[in-house]
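Peer 1:
Numbering (this note's numbering), first residue to last: 170 to 586.
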């Protein structure tokens, strides 16, 4: 019996297996669908996505939500598998979804376990064979088809192979980057790999005393004096630097920077006010409440602990000093710092903390209409292993589902041409 082997039991691999089995069932053909996973069970990373709630897709997505050395690759895939088609895929296997106002789409239970449960059940009822504990270390092609081999001597032959092993991010959930070498052995090219959607480290000493404090603000990624990207939202101060969704969104810019100069994150703690308006407000507050001590001067504007840290950073102390003693220059400097608080970036946290891999296998070496290799017939890829990474908001999971579905559909259809 002909065999389709899927290497990797994550989001892309599960979608590929289910879609391939559905195509075979619909066309009346019989073939073996084998899902090979190196861990003791499939789908472990799915359980951790979206803080355990699994943001499946985003109805507002567009190619601009993704990053790649070949942007047209994203367009090709999204045109074939837009959000509605992914939601139809899940509806077909029994998952009820809920779309929020911002387009983020979750299982109605808001539990990632619900997503994995329906995926595993769909595999079971379609007769998909799971072989866990099978780490593929070598993939070759002979006249008899593909041969998958593991370090402990396990072997498996297949007529079609889909490599959906994921990237290097979150090794604690099973990622180890092994799939790159498997595909590169057929002549494919891999770009440099960087952790993305990851926290940033900073040399600004103010972050440590603010550990655990959150601030709703605008965060700008500044590289060599130029703002490369801006994000709004809640920033979290940590002992090593900065975190929070705005920081994760900016992290790719700093992760891919080479050399010692990484740039800076600039925080605007009051993004709804211009610097001029803020300076006027502080001047008026000084006139009306000159007896107010510096430790209370910014109450109602920003967090008390952040205010004290800023004042000390500017040398405005003691905090028991009356605000009436602030000079016009000090007021202007304070307004500027609130609007332009700079945190030099020294790097990112490691792969252990990253949510996604930036970089990967070059997309133009694959037919993005089918996900088949242009260098080796019968070899397909899907998911994070490719040189495409998305922002926060369900975009990376959408890429995994869509490329997995495409690869599974194409591999199954090609078996009996």
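Beta carbons are placed, not taken as given, at the ideal position from N, Cα and C, and that holds for glycine. The structure presented is a predicted model; accordingly, all values stated were derived computationally and were not measured.
1) DSSP has residue 315 in a bridge; who is on the other side?
2) What do you get for residue 389, buried or exposed, if any count of 16 or more other CB atoms within 10 angstroms of its CB means buried?
3) List in chain order: all unbroken alpha helix (DSSP H) runs of 4+ residues lying wholly within the segment 232–282.
4) Quick check on DSSP: helix, strand or coil for residue 192?
5) Which partner residues does residue 558 have in the DSSP bridge list?
6) Assess contact between the segment 404–417 and the segment 359–371, defined as three or more Cβ pairs (one per stretch) separated by less than 8 angstroms. Is contact present?
7) For residue 226, list the residues DSSP reports as bridge partners.
8) Can you list the beta strand (DSSP E) stretches of 3 or more residues lying completely in the segment 493–563, in chain order?
9) Is the closest heavy atom of the ligand ZN to the C-beta of residue 405 under 7 angstroms?
10) Roughly how many whole angstroms lie between the Cα atoms of residue 260 and residue 287?
11) Under a Cβ-count criterion, where at least 16 other Cβ atoms within 10 Å of its own Cβ denotes burial, should residue 543 be classed as buried or exposed?
12) Does the segment 518–531 come within contact of the segment 356–363, defined as at least 3 CB pairs closer than 8 angstroms?
13) Name, in chain order, the residues that DSSP records as bridge partners for residue 370.
14) Pairing CB atoms from the segment 274–282 with CB atoms from the segment 223–231, are three or more of them under 8 angstroms?
15) Between residue 315 and residue 174, how many whole angstroms is the CB-CB distance? I'm expecting something under 8 angstroms.
16) What's the call for residue 562, buried or exposed, on a 16-neighbour Cβ count within 10 Å?
17) Tell me the residue span of the beta strand (DSSP E) that contains residue 435.
18) When burial is assigned at 16 or more other CB atoms within 10 Å of the CB, is residue 338 buried or exposed?
19) Which of the three DSSP states is assigned to residue 172 in this structure?
20) Taking residue 203 as part of the beta strand (DSSP E), name the residues at either end of that continuous run.
21) Measuring alpha carbon to alpha carbon, tell me which of 553, 193, 208 ends up nearest residue 616.
22) Around the Cβ of residue 180, are there at least 16 other Cβ atoms within 10 angstroms (buried) or fewer (exposed)?
23) Pairing CB atoms from the segment 376–390 with CB atoms from the segment 416–435, are three or more of them under 8 angstroms?
24) Would residue 270 pass as a contact of residue 219 if the rule is Cβ separation under 8 angstroms?
25) On a Cα-Cα basis, can you pick out the residue from 213, 352, 574 that is closest to residue 308?
26) Between the segment 326–346 and the segment 547–567, do at least 3 Cβ pairs fall closer than 8 angstroms?
27) For residue 476, report the span of its alpha helix (DSSP H) as first-last.
28) Buried or exposed: where does residue 415 fall if 16 or more other Cβ atoms within 10 Å of its Cβ makes it buried?
29) In this structure, does DSSP put residue 452 in helix, strand or coil?
30) Note the first and the last residue of the continuous beta strand (DSSP E) segment covering residue 365.
31) Sorted by chain position, which residues of the same chain lie with C-beta nearer than 8 angstroms to residue 454's C-beta, five sequence neighbours on each side aside?
32) Could you tell me how far apart the beta carbons of residue 577 and residue 242 are, in whole angstroms, since I believe they sit closer than 8 angstroms?
33) Let me make sure I understand the geometry here. Which of 268, 424, 384, 204 has the alpha-carbon closest to that of residue 256?
34) Can you tell me whether residue 350 is buried or exposed, with buried defined as 16 or more other CB within 10 angstroms of its CB?
35) Considering Cα atoms alone, identify which of 187, 505, 436 is closest to residue 293.
36) Does the beta-carbon distance from residue 162 to residue 509 come in below 8 angstroms?
Peer 2: On the basis of the data shown:
1) 310, 327
2) buried
3) 240–249, 252–261
4) helix
5) 236
6) yes
7) 274
8) 510–517, 525–527, 548–550, 557–559
9) What this structure holds is no ligand at all, so the ligand ZN is not there to describe.
10) 10 angstroms
11) exposed
12) yes
13) 410, 516
14) yes
15) 7 angstroms
16) buried
17) 433–437
18) buried
19) strand
20) 201–206
21) This structure gives no information on residue 616, because the portion of the chain shown stretches from 170 to 586.
22) buried
23) yes
24) no
25) 352
26) yes
27) 473–482
28) buried
29) helix
30) 363–365
31) 461, 466, 492
32) The pair is not a contact, with the Cβ atoms about 18 angstroms apart (cut-off 8 angstroms).
33) 268
34) exposed
35) 187
36) There is no way to answer for residue 162, as the model of the chain reaches only from 170 to 586.
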